[in-house]
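Q: For reference, the structure I am asking about is given below.
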Amino acid sequence: MNDGPHPLLLVRHGQTALNAEGRLRGLANPPLDETGIAEARAVAEALASRGVVEVRSSPLDRAVTTARIIAERCGCAVETDSAFNDRDYGPWTGQVKQEVVAEFGSVDAAPGVEPLSRILERAMCALDRLAGASDGAVCVVTHDAVIRPLLEAIDPASRTARVRTGSWSELLLEHGVWSVVQLDQEPILGTA
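Numbering (this note's numbering), first residue to last: 36 to 227.
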């Protein structure tokens, strides 16, 4: 029985080699590196006491691996949802982000990159579907290119959030309005 609003925890997956190199990951499918696995374990430990009853994930391996580690620690299952997939960077996937920015002024201006409006539409619809559907906290493991537009749409002041790998933000839906409760939380590595 749903006894009131439960938090939705937006988690960024752990680090991959492409993250460490400053490359656009997009729909590339690199695995977590050692740091990423440690980040996933640390965030799982940090969220274990939050009453997580459901874990959703982008279908990409780096997110699914992070989600499985969290779900195992929280005693629930993982379900993938393509609405939380990373941004499609098209021909710029795997390129160094700063080089793309230097050439086009921003990643958004690079030809063939999925528009932010499309990411926001698919991800916000998925969040709305999850709202109130569980009798506890829901964890969504996704990507910074999904988390940033969601946070900014909900609370423009969150524009400055870093959204580091292995970090999470907490959302709450009350009376049909999303709010950001916690922003860019990061567990201490080595506590898991």
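Just so you know, even glycine gets a beta-carbon here, dropped at the ideal spot from N, CA and C.
For the alpha helix (DSSP H) containing Cys160, list its first residue and its last residue.
A: 151–165
Q: CA-CA distance, Thr177 and Leu151?
A: 15 Å
Q: Which stretch, first to last residue, makes up the beta strand (DSSP E) that contains Cys174?
A: 172–177
Q: Should the region 67–76 be regarded as contacting the region 212–220, the criterion being three or more beta carbon pairs within less than 8 Å?
A: no
Q: Have a look at Leu82 and Ile105 and give me their C-alpha separation to the nearest angstrom.
A: 8 Å
Q: Which full runs of the beta strand (DSSP E) of 3+ residues lie inside the region 91–130, going along the chain?
A: Runs found: 113–115.
Q: Rounded to whole angstroms, what is the Cα-Cα separation between Glu114 and Gln133?
A: 33 Å
Q: Looking only at its chain, what residues have a beta carbon closer than 8 Å to the beta carbon of Ile223, apart from the 5 residues adjacent to it on each side?
A: Ala77
Q: Answer with buried or exposed for Gly49, where buried requires no fewer than 16 other C-beta atoms within 10 angstroms of its C-beta.
A: buried
Q: Does DSSP classify Gln50 as helix, strand or coil?
A: coil
Q: Counting only the same chain and skipping the five closest in sequence on each side, list residues whose C-beta sits under 8 Å from that of Val198.
A: Closer than 8 Å at Cβ, skipping near neighbours: Arg47, Asp179, Ile182, Arg183, Leu186, Ser204, Asp219.
Q: Locate the beta strand (DSSP E) running through Glu56, then write down its first and last residues.
A: Glu56 -> no beta strand (DSSP E), and no H or E assigned at all.
Q: For Glu238, report the span of its beta strand (DSSP E) as first-last.
A: Nothing can be reported for residue 238: it is not among the residues displayed for the chain, which extend from 36 to 227.
Q: Tell me the DSSP bridge mates of Val212?
A: Glu209
Q: Going by DSSP, what residue range makes up the alpha helix (DSSP H) through Val142?
A: Taken as a continuous stretch (DSSP letters only), Val142 belongs to no alpha helix (DSSP H), as it is neither H nor E.
Q: For the pair the region 124–142 and the region 156–165, tell me if three or more CB-CB distances fall below 8 Å.
A: no
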